[in-house]
Structures are given as C-alpha cells and as structure tokens.
Amino acid sequence: MTPTTRTYGAVALLSASLLAFEVLLTRVCALRLHFHFGFLVISNGLLGLGASGSLLTVTEPRWRQRPEAWIWRAGGVFVISLAVSWLLLLTLPVPARLTFDELSGAGQLALFNLAAALPFAAGGAAVGLILSHHARAIDRVYAWDLLGAGAGCLVIPFALAGVGASGAWLVITVMATAGFVLAAPEPQRRPSTIAGAVVALAMLGSVTTLDARHPLPGKGYLDLTEQVRATYGDRLIYRRWSTNSRIDVLALEPDERFMFCRGPALLTLPLPEQRLILQDGSAGTIVSNYSEQPEALTLLSRSLYGLGIAVSQAEPPPDGRGPDVLVIGMGGGDDVWATLHGGAATVKAVELNQGIVDVHRELVPHFSRAMLDDPRLIVVVDEGRSALLRDRRRYDLIQMTGIDTWTALSSGAYVLAENYLYTVEAFGQLYDHLEPGGLMQITRMAADMETLRLISNLDAALSTRGVDDLAGSVAALSTRGILTAMLVKKGTFTAPEVERLRAFAAQGGYAEVILPGRKPSSLVELYLHYEDKPTFVERFPRDISPTDDDRPYFFSFSRWSAPAEASAHLDEATSVSQGNPLFLLGQLTLSAVLALLFIIAPLLLRRGGLAPAAPRARLSIYFACLGVGFIAIEVGLMQKLTLVLGKPLYSLVVTLMTLLVSSGIGSLLSKRLDHRGAARAVPLLLVALVGAMAFGSTPLVDLLVGLPTVPRFLATGLCIVPLGLLLGIPFALGVARAERRDPALVPWAWAINASTTVVGSILTVIASMNVGFAAVMVGAAGLYVLAFAVLPARSPSTK
C-alpha cells in the first residue's frame, strides 16, 4: 500500500512525541533520582523501543492481515501509556538513597524503570508498524520519522519554560493523540477524530495550570554539608521552569542559614536573611539579603568569596584603580557581592541559567537591588566557557566557585556530568584572559583528589605557556575539609601577597593548603613540587590525570584499570565522584543482555522462522553497526560543538535538530542513490566528514565562536548538514534490502537498531572516558564501513 499524507503526518507526530518524551524524562530523572540511577532509568526505558520491534517480529503474520488497524491500536495504546506512565512517574516512591549493598529500594526503582519504559514500547510499536508496513517506501516514511523527531527535540525546552513539566507532558500527549487520529483506518476516522478532538481540547484547557496543581516531586531535601540538611517541607516559596532546569526557592529558617565558604573563625558571625535556590532539586546556591543588611558584607569579605579580591590588592596600583573582575557562575551572587564590596572597578558576571537571574530580579529584588543597580556590574546569560571564548578583554581577577554540570544534558542522558570549565584547554584560556600579575580563583570541594586534579590540569595547561615555576604561582586555602579555594597568578606571588594570604587565613581560621615559598607540608604541596609528576599521578590511588576537551570528565576519579579499587567507591556521592567503571559496566551488561534478548527472541518464538541464516546474520550486523554508530556520532558531535553554541538549549536545537532533519532529507535520497550505485561511497564520505569534525573541531570553534548569535548558529548548522545527509541514507537503504528478502525482517531490524542504540549510548560514555570523543567518532564511522561491507547485495523480491 502506498503511504498517504496521513501516514506521513502520523509517523512524524508519533516520532516527535517519542523523542519529546525522552527529553522530558531526563528532566523527571534529574528531579526525582540521584544521577547514576537517572542514567539507568533512561537507558533501560529506551530499550522499550527494542522490545517493541521484537514483539512486532513475533506477531508479524497476524498484523500483516490488518496492518492499518494494528497501527491505529498501537497509537491508541501509546496515548494511554503516556497517561499511565506520567501518573506513575509523579506518584511512585523512589528511594532517597540506594546503595549497591542494599535491596530495600531496588523494587521501587524497578517499578519506576518500568513506568518510564511503557511509552517507548507502545510508541515504538506504532512507529515500527508504520515503517514495516510501508517498507517499500521507506525512504519517504523514514524521512518523515526523522523530521518529526527533529521537531520533537525542539518542543520540550520551550514547553518546559512556558508551561512546566506536566504542561509539557500534555503537549506531548496531544501530539501523540493527533498521530493516533491520523493513523486511523477509514472506518474509524470519524469516531477517532471526534474522540481525539475532545481529548486534545480537554488537555489544552489545562496546559497552563496542570504543573502548578500537579508538579513533579523533587528529592525532598538537599544536604548543604554533612551536618546541615535543607528540607522542602512547606517552605517552598517559588517554582519556575526554564529551558535548562526547574528552579525551586526555599525560605531558610535562621538556624539553617549558611555560607559555603566561611572559615571556622567566622561561624559565630550572624548571617543575613537568605533563600535557597535549587536547580532540578539539587545544585543548591544561596541568595542573601546584603542590600538591606549590608553589615553582613564584612563577613562575606572574610570568606573565601573575598580571597581573590583581597590578595589582588595586597599591593595597590599607583593609579588606585580597583581590579577588573570576571565571575563565571553568578549563582546566588556571593562572588559578585564580595568583589564589588572589595573594590572592583568592574565586574562581569556570567550565569548559564536565566532562571537564576530571574530570581534575583523578580523574586528577591530587595535582596539583590544594590548589587544589580551597581553601575560596575554587567550580567551576561551564557555558558561560561563559551562566553570566555567570545570575550576579548583581559581581567585582573577571574573567579569560579563550585561550578558543576548537575542538570541533565538536554538532549538525553547519554553522557555523564562532563564539564568544559575544568579542562586543560579551559585553564589555558582562563590564564590567557588574565592581565600580567592577574589572579584566577577556582573554588572546589576540599578532597585531595580534586585539588590534585586541578593542579594536574594547570600544570598541563601552563607548561605550554612557558610557566616553569608552577609552585611559585599557586596558593590555596581551605575551610578545613569542605572547600578549597585555589589561586593561580599570572606571574609569581610576591612577599606582600603571601603575607596577605597568611593574614586572611589567620583571620578566618582557614587551613593553609598551599603557600608559595614554604617547604611542602601537605600531599598537595608535595605534588606541586614533585619533579616527576606523571609518576606521582600514576601511583596515586585515584585517577587525577589531566582532563581535556576530548575527555572532559573532571569528576571521574576511578581508574578503569583497577576494578577492585573502583568497587570500594560505588557508593560515593555524585558530589564527590561520578562515572564509576563498575556502575557503567554493570549498566552496559544489563542493556546488552536485554538487547540480545530482544534480538534473539524472535528467532526462537516466531513460527515459520525468518529469512535464511546468512543474509539474516549480515543484516543483524548491519543494523547493529548503525545503532551504535549513529548515537556515537550524535553524542560526539554535540560535545564537539557545545563550545561554539554555548547554552545547552542551543546545542539541542542547532545540533540535534539539524542532524535529525538533514538525516531525514538523506533518507529521501537513499533509493535514488542505491539505484545508481552511488550508495557505496557513503561510508568513505562518512569517514572523511566524521574525521574532519572529530579532529578539526578546535579550529572550527576558533573560527565560529566570535560570530554573532544567528550567523554562528547558521554556520554551525551548515557544518552539520552534510554529515546528517549521509547518516540518513544507511537505515533506509538497509530496510529496503531487508524488505526485498523477507518483509518479516523489517521489524526485526527495528528491534536490532533500537536496542543497540541504547547499548551504543553507554559504550560511547565508556569509550569517551578512556580514549576521548574524537576516537569514538572515528570508531563509529568505522562501524559504518563494516556495515556496508556486510550489507547483502540488492536482490529481487522473494515475497
């Protein structure tokens, strides 16, 4: 049967709904679960797509009799599954903390996982049925599938910002309902249209209010330290979604008021009125009322927030002008307040999340008025590293305090908490933006392994800039076990500056972790003075090797070569370490076993069997290579271009949408290229283009990052289009070959491709942590070469 306009509309809307739900699920998991388990839920949920393909293969003789009716029914089940899944995701209890040596919360997590998987299984069945039924027109149908997916990835960020998570779910359900209506066979079109219209109107009538009435529950608490826990209770005073995350603001009682960077000697000094800002239920930052209680600024100036500005003025300049300051990560504003109060001439504050700035300006303007109205301050909403690359100024002080990538990647939970502000290249660029004699202050957790990795990255970055005496250019103070503020000078610390450091430490009760000019008295100082640093790194029990833009996993401290040691750290909090090899290998094993089950089950359960073993084996390898290869290139491409695009929303819209849409256009070209024999050139062209993007991204970033926003996005999109065109050809080509040999192979190919995509996402994480994203992308291109090498030749139809 020839597909109609309704067919194209149905597959586009169903695919858009599926991808939009996937993106929304990342927000759900970010709010409800701790990081590792959110990664697990999303990965296993996506295996529902593979399960749907397996089911379609087993039932193929039955649905072939009335395919349109089966498509329509699957679409209806998809709509229902979205409702059931959302209800469960909102209400199912999840363990506050699930460790690897207890089973009490395992059942809860398993139910949550199943709830997340339901829409992928049902929606995957609907899309898989359409692709299988119209396999002879796969070039056009798959094109609309990808175009819909591209549109779907665009929907959620804007829906979240406009109507919140529950409202975004309604939008997804309305799209799915429209797809269900378009998929209806002739006899069911009228009743389906009426029912769909009623459902859609009822839902859209609640779209602006549903999230306020039924918000996603968060984790319920945030541990500020081991001794201080802030709980939600009834003190939530503000909630708003942004394109990045959900912002929750809590009122803190006087006995809960807290300052992260206070020294022990300052703990008895009173704190001003405060609000706690949470991003996705964690990533807490505190906004304080210094405008109406300016006397508290004295305490702030003695905290580590005021360290850099104090040391920078140990020797006042002849003209008396204060330092020019860049703050990366404005957050609650303590860094900004401290530098303004300390006498900065200008302060540029960069904040990734517009929602944080809105809290300052709209919710607590009386807290932040004196700061925001100060003519010395400029606030920029942008990603810190990207903003740095576009900034041509030099500064006397650059300050970053506790910047983390805690919100889930907007395009899906494919990667861990990578952070491009703590790489070798980032430290080099920060250093380059300093005036001679300028200071860079980086405040992180006080664990030795974090401080050692900071030094490791600094050593790698500054050694290429002619800095031979790193020990004379680094100083650090600690709040005695909680936070460490490291100062890096463009030059060597002078005697007055070292004396200012000592006085500052004594006044606040800080531990002197590193002081220039003294004999090493700590492990960190020993490493700083160690001549053979590579040997020190190799012998240290945790991984403190430098992290670069190709392997930006600053927070991963477990060695892949030492699984026994990694097992001792399985229960470490994500604020301490991420990416434990045993967790990732366990998730890979689970996903691989389930994927293998979905691939093999049809061979065991289907009566009458499938095509002969030889072409079947070739096709299984082919679609497995595509599943792993596509996701690896997609994730690698997003990582490589994130510095050009800046905010996560831009990476989602420009990179993923462009890749999917251009792949859809490539699918349209597949049949024509196959008939002309030109498809054989696809893998070689892919190797060339992927290699260029993988290893040429640095000069590309340098070329594009300085452009204005719209030209920068257009230029980046144009760089992606050729790659997307090529990536859209192989799947449609393979389905056409499979259909001509045995139509029953098409849903099986869908199962293989979907299942191995999930496995590929985890493999991408593991491989990128070990060899980097560039090597992963090239390896993925090699999988396409292998795929085309085993692809069965064109043959006349056998069915």
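For the record, in the sequence shown the residue sitting at position 64 is 64 according to this note's numbering, with numbers rising by one throughout. The beta-carbon is built from N, C-alpha and C at its ideal position, and this holds for glycine as well.
Checking the DSSP bridge columns, you'll see A251 partnered with R275. For the pair I729 and S670, the CB atoms are nearer than the 8 Å cut-off.
Setting aside the 5 residues that flank it on each side, L88 is surrounded in the same chain by A115, each with a C-beta closer than 7 Å to its C-beta; the list follows chain order. Rounded to whole angstroms, G162 and R302 show a C-alpha spacing of 41 Å. In terms of Cβ geometry, S245 and Q279 form a close pair [threshold 8 Å]. Secondary structure at W241: strand, using DSSP grouped into helix, strand and coil.
Within the DSSP secondary-structure output, Y530 pairs in no beta bridge. Counting the other Cβ atoms within 10 Å of the Cβ of A344 gives 16 or more, which makes it buried. For V778, the uninterrupted alpha helix (DSSP H) segment begins and ends at 773 to 790.
W144 sits close to A12, with the two beta carbons spaced by under 8 Å. As the crow flies, the alpha-carbon of Q587 is around 47 Å from that of T268. Under the three-state reduction of DSSP, Y422 is assigned to coil, being neither helix nor strand. In the DSSP assignment, L46 forms no beta bridge with any residue. If you ignore the 5 residues before and after L24, its C-beta comes within less than 7 Å of the C-beta of I156, A165, A168, W169, I172, all in its own chain and listed in chain order. Taking one beta carbon from each stretch, the region 426 to 444 and the region 481 to 498 have 3 or more pairs nearer than 8 Å; the two touch. Per the coordinates, the alpha-carbon of E60 lies some 15 Å from the alpha-carbon of G50. Taking 8 Å as the upper bound for CB-CB distance, L18 and G128 are not in contact here, some 11 Å apart. In the DSSP assignment, T298 falls within the unbroken alpha helix (DSSP H) covering 297 to 302. Closest in C-alpha terms to N457, from the list R394, D548, S368, Y530, comes D548. Within the region 673 to 750, complete alpha helix (DSSP H) segments of at least 4 residues are found at 682 to 695, 697 to 704, 709 to 727, 729 to 741, given in chain order.
Taking a contact to require three or more Cβ pairs closer than 8 Å, the region 694 to 702 and the region 753 to 762 do not qualify as touching. Under the three-state reduction of DSSP output, P436 falls in the strand class.
In the structure shown, the three-state DSSP call for L18 is helix. Beta-bridge analysis with DSSP links T401 to T443. Listed in chain order, the non-local C-beta contacts of T401 below 6 Å within the same chain comprise D335, T443, local neighbours out to five positions each way being set aside. Annotation: S522 is outside any alpha helix (DSSP H) and is labelled neither H nor E by DSSP. In this structure, V359 and V249 form a Cβ contact; the two beta carbons are roughly 6 Å apart against a cut-off of 8 Å. Relative to the Cα of R737, the nearest Cα in the group V327, G772, P215, L791 belongs to L791.
Relative to the Cα of A732, the nearest Cα in the group T716, V690, L626 belongs to L626. Under DSSP, D548 shares a beta bridge with R551. DSSP, reduced to helix, strand and coil, places D374 outside both helices and strands of the structure shown, so it counts as coil.
In this structure, L637 and I766 do not form a Cβ contact; the two beta carbons are roughly 18 Å apart against a cut-off of 8 Å. Under the three-state reduction of DSSP output, A387 falls in the helix class. Closest option to R618, judged by alpha-carbon separation, among I752, T177, T7, L714: I752.
Boundaries of the beta strand (DSSP E) around K348: 346 to 351.
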